[in-house]
Amino acid sequence: MMRARSLFAGVIALTVSLGALPAHAVLPDEIMADPAKEARARDLSRELRCMVCQNQSIDDSEAPLARDLRLLVRERIAAGDDDRQVIDFLVARYGEFVLLKPRLNEHTLLLWLSPPLVLLAGGLALWRFGRRKPMAANGEGGAAPPLTPDEQARLDQLLAADSAPEQRG
Amino acid sequence: MIAESGHYALVLALGLALIQSVVPLLGARWRDAALMNVARSTALAQLLFVAASFAALVTLHVTSDFSVLNVYENSHSLKPLLYKITGVWGNHEGSMLLWVSILALFGGLVAAFGSNLPLSLRAHVLAVQAWVASAFYLFILITSNPFLRIANPPIEGRDLNPVLQDIGLAVHPPMLYLGYVGFSISFSFAVAALLEGRIDAAWARWVRPWTLVAWIFLTLGIAMGSYWAYYELGWGGWWFWDPVENASLMPWLAGTALLHSALVMEKRNALKVWTVLLAILTFSLSLLGTFLVRSGVLTSVHAFATDPTRGVFILLILCVFIGGSLSLYAWRASALKQGGLFAPISREGALVLNNLLLTTACATVFVGTLYPLALEVLTGEKISVGAPFFNFTFAPLFVPLLIAVPFGPLLAWKRGDLVGAAQRLLAAGIAALLAIALVLAWTYGGATLAPLAIGLAVFVVAGALCDLAERIALFRVPLPISLRRARGLPRATWGTVFAHAGLGVALIGIVCETTWNSEYIGAMKPDDVAKVARYELRLDGLTQRQGPNFRELLAQFNVSRDGDKVSVMTPSKRNFTTRGAATTEAALLTRGASQLYISLGDASADGAIAVRIYHKPLVLLIWWGPVLMAFGGVLSLSDRRLRVGAPKPAKAAAARALQAAE
C-alpha cells in the first residue's frame, strides 16, 4: 500500500515536472481496428479514473498516465479479457481508487445505502406525520401570537383595498 | 490610493455590518421603531461601500496597476478589456469580493423594497443578513485581501489562466453567485421567523419571490457554466459530476424543493416547519459550496485556492452558521404550529413527493461528493466517486419525479382525484407512447432504454401542455374564448407550464446527446475528408495567427452535407506565452438544435493534426430546457399576486372612486 502510494506520488511529480501540455483524450493511434472492441474499450474507459487528474475519466483525460491506462485497457481487450477481467486487472494494479463507480464493500456500504435509506427515512417520517396529523391539527389556531396594533391596522387597510371592488354591487 | 480606498471602504462596510447585526435586534426587543429602522440605513450604506470597494478593484484591474498583488497575479497589460474586468472575479480574492458585493446587494434590496414587511421581521431579517456579511467581510480582510500592494511593482502581470479568458467568465460566476447568495435571504427569513417564534402564510409569500429570484439565477448560472465547459474544455462533455458542479447542484435541488414547499405553505398554511428547515438547508448548502470551492479541499478543475488557513476560516463560518441555525431550529421549531390538513392524493401530497425525491437526490449528491473525503480522513482508504455512480443513483430518483411532475398541477388542493388527473393526461400519455414507438422504429436494433427516456420527456412536456389546455378549456369552448382565457390565466400558472416543460426539453437533449452522439477521431492532413453523421468535413489547411496575448494555430474545415456546401469551421489551438499554457478553442456549427463540434489536438511532424469531430444531435435542448425553466420563473415572479400589498390595478382604484362618487 505504502509503495503504491509513493509510486503514485512519483507519477504526479513526473507529470508536473514535465509540464504536460494538453494533448488529446483518445488519440488516433490508440484506436483498435475492431469497432466492437473499441466501443467496449471506450465504455470501460469512462468507468476508470485518470489517477493524476481531478475527477476525470481516462476517456476524457489528456494526461500521459491516462493514455497509458487506455492502452492497457485495449491491450487486455485484445488479449481476450472480458470486461470484468479488465476491471479486475486494473484494480489489482492500481487499487479501488481507479474505479469511478466504487464496488460495494464494507468501506462503501454507507455510500451505496444512503440514497435508499434517506428515501426510506423520508417516507417513514411522512407516514408517521400523516397519522399524527389529526392530533396536531387540534392545537391549531389558538397558538398564533396576537397581531400588534400596527399589524392590525395594516391588515385592515389591505383588506379594505381588497374588498373595495366587491362592495360596489 | 485607489487600492487603499477600496480596502478602507471594505473595513467601513464591516463596521456597518457589525452595527446592523446588533442594533435592530435590540430595537425589536425594546419595540423601538427608530432602532429597528437603523437596519435599513446600514444595509443601504453597506451596499454603497461594498460597491465602492468592488469598483476600486475593477479600476485597478482595468488600469493594470501591477503594484497590487492581485492584479499582478491575474492580469496582463495586453489582455482585452473584457477579460481585464472579468479577471476581477477570476481569482480567489476577487471572487470573494464579488460574493460579498452580491450579499450586500440583496441586503440593500430587502431594505429598499421591504417596506411592506412588518417592521420587526425586517429588522430581524437584515440583522441575520448582517451576521453573514460580517463573517465574510472578516474572512476577506483577514485571509484574502485583494488590495495588498507589492513593494517593488513589476512591469508586467502574470496573466489570467487562459481557460478563464472567455466570455463565460463574464456571465457564469456572477449568475451563480446571485443564485447562491440570493438564498441567504430565505435563510435570513427562516432564522428571523425562528427568532420571532412566528411564521405564517404571509411569511411564505414574502420569502417566495426572493427564493424565486435566487433560483432563476442559479438555474441560468448552472446552465451557463455547463455550456461553457462544453465548448471550452474541448472534449464536448457538459456535465462531469465534478465536486464543484455538485456544490452548485445541491443548493439548486434544495432550492427547487423550497420553492415548491413554500407554495404549499403560502396557499395552505401547511409544511411550515419543513419549509423553514429547507430554507436553512438551502443556504447551508450554498455555504458548503463556497467552502468546497474556496478552500481547495477538493482538488478539482475549478479549485484555484489552496491556502489551508482560508479553508479553516470558511469551515469555521460554515460550522457557526449551519450549526447555529440548526440548533436554533431544533430549539424553536416546536413552537411553530402545523396547520392545513390534506389527503395523500392532493396538490400538497404531490408537492410533498416532489420534496421527498428532490431532497433525496440532494442527499445523494452530498454523500457522493463528501464520502471519498470522509473515508480518506477516517480510514486512509482512497476511493473515487464519479459520473458512473451519480448517473446510476440519480435515474431511479428522477424517473418517479418526472412521472409525477405532470400530475401535480392537475390535482386539487386538499383532496385530489388521481383517476381524473390521469384521464386529463391521456393525451400526454398517448403522445409519449407515440414518441417511444417512433424512436424505436427509427433506431431499430439500437439502444432500448433511450426511447423510453424520450417517451418520459415527451410525457413531461405534453403533460405541461395538457395542464394549460385544461385550464383554458381548449377544444371544449370556441377558440376565441380559449384564447381570452389564456390571456386571463395568472402568470404563475404560465410559469409552471414553462418550467415543467423545460424539464422535459432538457431531458430530450440529455438522452439524445448521450445516446446518438457520433464522433470521429483521427489524424488529418490538408485535403483529408472526415465523415460524421452524413456530414463531410474537408481540412482545407492550417494557418498560424498572432492574437493579443497568445499565438494560435487555426485549422479550416469545409463542411458539406450530401454534397452541398454547408459552412466553414475554424477550430484553433492557442498558446499563451506568459503562462506557457495552451487552450483548445473548439469550433461549433449549430444546425437547428444539433451541433457539429471540432476540437484540435497536437500537430505531428509529418504535417498531420489530431482532430476530434462530434455530431451531437439536439444537444442544445440541454440548455434550452433550463432557459425555459428560468423563463417560467420570471413569469411567475412577475405575477402580481406574489407581491403583498402591491398597488391594485387601476380597476380597483376606479371602483373605489366610483364608490366614493355614489
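Sequences listed follow chains S and Z, in order. The letter at position 19 of the first sequence is residue 19 when you use this note's numbering, and the numbering goes up by one with no holes. Just add 169 to the spot in the second sequence (first one is 1) and you have this note's numbering. Even glycine gets a Cβ: it sits at the ideal position worked out from N, Cα and C.
> In this structure, what does DSSP give as the bridge partners for Z/S736?
Replying inline: Here residue 736 of chain Z refers to the residue found at position 567 when the second sequence is read from its first residue. Beta-bridge pairing links Z/S736 to Z/V728.
>> Using a Cβ-Cβ cutoff of 8 Å, what residues of the stretch 401 to 420 of chain Z are near chain S? List them in chain order.
In response: G403, W404, G406, F409, W410, D411, P412
> The alpha helix (DSSP H) with Z/E517 in it runs from where to where?
Replying inline: Position 348 of the second sequence, counted from the first residue, corresponds to residue 517 of chain Z. From DSSP, the alpha helix (DSSP H) with Z/E517 extends over 516 to 548.
>> Restricting to Cα atoms, I'd like to know which of Z/A499, Z/E435, Z/V445, Z/N415 is closest to Z/T459.
In response: Locating residue 459 of chain Z in the second sequence gives position 290, where the first residue counts as 1. For Z/T459, the nearest C-alpha among the options comes from Z/N415.
> CB Z/M693 to CB Z/I767, shorter than 8 Å?
Replying inline: Looking up residue 693 of chain Z in the second sequence gives position 524. Looking up residue 767 of chain Z in the second sequence gives position 598. No, the pair does not count as a contact, with Cβ atoms beyond the cut-off.
> What do you reckon, are the CB atoms on Z/A626 and Z/L676 nearer than 8 Å?
Replying inline: Here residue 626 of chain Z is taken as the residue at index 457 of the second sequence, counted from 1. Here residue 676 of chain Z is taken as the residue at index 507 of the second sequence, counted from 1. Result yes, Cβ atoms of Z/A626 and Z/L676 sit closer than 8 Å.
> From the beta carbon of S/K101, is the nearest beta carbon of chain Z less than 8 Å away?
Replying inline: In the first sequence, residue 101 of chain S corresponds to position 101, counting from 1. Chain Z, which has a Cβ nearer than 8 Å to the Cβ of S/K101, makes this yes.
> Are any of the Cβ atoms in chain S nearer than 8 Å to that of Z/T617?
Replying inline: Indexing the second sequence from 1 puts residue 617 of chain Z at position 448. Z/T617 does not count as touching chain S.
> Roughly how many angstroms lie between the CA atoms of Z/A642 and Z/I514, to the nearest whole one?
Replying inline: Within the second sequence, numbered from 1, the residue matching residue 642 of chain Z stands at position 473. Within the second sequence, numbered from 1, the residue matching residue 514 of chain Z stands at position 345. Taking the straight line joining both Cα atoms gives about 24 Å.
> Would the beta-carbon of Z/P565 fall within 8 Å of that of Z/V554?
Replying inline: Counting from 1 along the second sequence, the entry for residue 565 of chain Z is found at position 396. Counting from 1 along the second sequence, the entry for residue 554 of chain Z is found at position 385. Result no, Cβ atoms of Z/P565 and Z/V554 do not sit closer than 8 Å.
> Does S/S6 get closer than 8 Å to chain Z when you measure Cβ to Cβ?
Replying inline: Position 6 of the first sequence holds residue 6 of chain S. Residue confidence for S/S6 is low, a pLDDT of 37 falling below 50, so the modelled location carries little weight; the figure read from the coordinates is stated next. No, because no Cβ of chain Z sits closer than 8 Å to the Cβ of S/S6.
> Shortest alpha-carbon distance to S/E47 belongs to which of Z/G585, Z/L579, Z/N560?
Replying inline: By 1-based counting over the first sequence, the position of residue 47 of chain S is 47. Nearest of Z/G585, Z/L579, Z/N560 to S/E47, Cα basis: Z/N560.
> Does the stretch 273 to 285 of chain Z come within contact of the stretch 209 to 222 of chain Z, defined as at least 3 CB pairs closer than 8 Å?
Replying inline: yes
> What do you reckon, is the C-beta of Z/T478 under 7 Å from a heavy atom of the ligand GTP?
Replying inline: Inclusion of the ligand GTP in the displayed structure is not the case, the ligand content being empty and no account of it being possible.
> For Z/L446, which three-state DSSP category applies?
Replying inline: The count along the second sequence starts at 1 and reaches residue 446 of chain Z at position 277. The answer is helix: DSSP assigns Z/L446 an H, G or I state.
> Which of the residues in the stretch 533 to 545 of chain Z, read from start to end, lie with their CB under 8 Å from any CB of chain S?
Replying inline: T533, V536, G537, Y540, L544
> Tell me the DSSP bridge mates of Z/N744?
Replying inline: Sequence index remark: in the second sequence, residue 744 of chain Z carries index 575 (1-based). According to DSSP, which records beta bridges pairwise, Z/N744 is partnered with Z/R720, Z/A751.
>> With a threshold of 8 Å between beta-carbons, can S/P28 be considered close to chain Z, or not?
In response: The count along the first sequence starts at 1 and reaches residue 28 of chain S at position 28. Closer than 8 Å to some Cβ of chain Z, the Cβ of S/P28 qualifies, so yes.
> Would Z/G555 count as contacting chain S if we go by Cβ distances under 8 Å?
Replying inline: Counting from one through the second sequence, the residue named residue 555 of chain Z turns up at place 386. Judged by the 8 Å Cβ criterion, Z/G555 is in contact with chain S.
> Residues in its own chain within less than 8 Å of Z/V227 by CB, not counting five upstream and five downstream?
Replying inline: As a position in the second sequence, residue 227 of chain Z is number 58, starting the count at 1. Answer for Z/V227: I254, V257, listed in chain order.
>> With DSSP as the reference, identify every bridge partner of Z/V780, one or two as the case may be.
In response: Within the second sequence, residue 780 of chain Z is the residue found at index 611, counting from 1. Looking at the DSSP assignment, Z/V780 forms a beta bridge with Z/G691, Z/L769.
> Quick one: is Z/G394 buried, meaning 16 or more other Cβ sit within 10 Å of its Cβ, or exposed?
Replying inline: Translated into positions along the second sequence, residue 394 of chain Z becomes position 225. So Z/G394 counts as buried.
>> Using a Cβ-Cβ cutoff of less than 7 Å, which residues in the same chain neighbour Z/L447 once the five nearest sequence positions on both sides are dropped?
In response: Within the second sequence, the letter at position 278 stands for residue 447 of chain Z. So the qualifying residues of the chain are A423, A426, L427, S430.
> In whole angstroms, what is the alpha-carbon distance linking Z/I171 and Z/F800?
Replying inline: As a position in the second sequence, residue 171 of chain Z is number 2, starting the count at 1. As a position in the second sequence, residue 800 of chain Z is number 631, starting the count at 1. Distance between the alpha carbons of Z/I171 and Z/F800 is about 40 Å.
>> I need the DSSP call for Z/Q715, collapsed to helix, strand or coil.
In response: Numbered from 1 along the second sequence, position 546 holds the residue referred to as residue 715 of chain Z. Strand.
> Among Z/L607, Z/A751, Z/L389, Z/V698, which residue has its Cα nearest to the Cα of Z/L418?
Replying inline: Within the second sequence, residue 418 of chain Z is the residue found at index 249, counting from 1. When only C-alpha atoms are compared, the closest one is Z/L389.
>> Output needed in chain order: residues of the stretch 689 to 700 of chain Z with a Cβ under 7 Å from some Cβ in chain S.
In response: I690, G691, A692
> Which ranges does the alpha helix (DSSP H) cover as unbroken runs of at least 4 residues, wholly within the stretch 285 to 349 of chain Z, from first to last along the chain?
Replying inline: 288 to 312
> Checking contacts by CB at 8 Å: is Z/P287 closer than that to chain S?
Replying inline: For the purposes of this step, residue 287 of chain Z is taken as the residue at position 118 of the second sequence. It does: the Cβ of Z/P287 has a partner Cβ on chain S nearer than 8 Å.
> By Cβ distance, which residues of its chain are closer than 7 Å to Z/L485, with the 5 residues on each side in sequence left out?
Replying inline: Within the second sequence, numbered from 1, the residue matching residue 485 of chain Z stands at position 316. There are no such residues.
> Can you find a C-beta in chain Z that's less than 8 Å from the C-beta of S/S45?
Replying inline: If you number the first sequence from 1, residue 45 of chain S lands on position 45. No, because no Cβ of chain Z sits closer than 8 Å to the Cβ of S/S45.
>> Is the beta carbon of Z/V279 closer than 8 Å to that of Z/Q298?
In response: In the second sequence, residue 298 of chain Z corresponds to position 129, counting from 1. In the second sequence, residue 279 of chain Z corresponds to position 110, counting from 1. Yes, Cβ-Cβ distance for Z/Q298 and Z/V279 is below 8 Å.
> Which residues in chain Z sit within 9 Å of S/A41, going by Cβ to Cβ distance?
Replying inline: In the first sequence, counting from the first residue as 1, residue 41 of chain S sits at position 41. None at all; the shortest Cβ gap to chain Z is about 12 Å.
> By the 10 Å Cβ neighbour count, where 16 or more other Cβ atoms means buried, how is Z/L595 classified, buried or exposed?
Replying inline: Taking the first residue of the second sequence as 1, we reach residue 595 of chain Z at position 426. Its Cβ having fewer than 16 others within 10 Å, Z/L595 is exposed.
> What in chain A is Cβ-close to S/V118, meaning under 7 Å?
Replying inline: In the structure shown, chain A cannot be found, because the protein chains are S and Z.
> For Z/Y306, which residues of its own chain have a beta-carbon under 7 Å away from its beta-carbon, when the five flanking residues on both sides are left out?
Replying inline: As a working note, residue 306 of chain Z is residue 137 in the second sequence. Cβ neighbours of Z/Y306 beyond the five flanking positions: L179, A182, L183, A186, V269.
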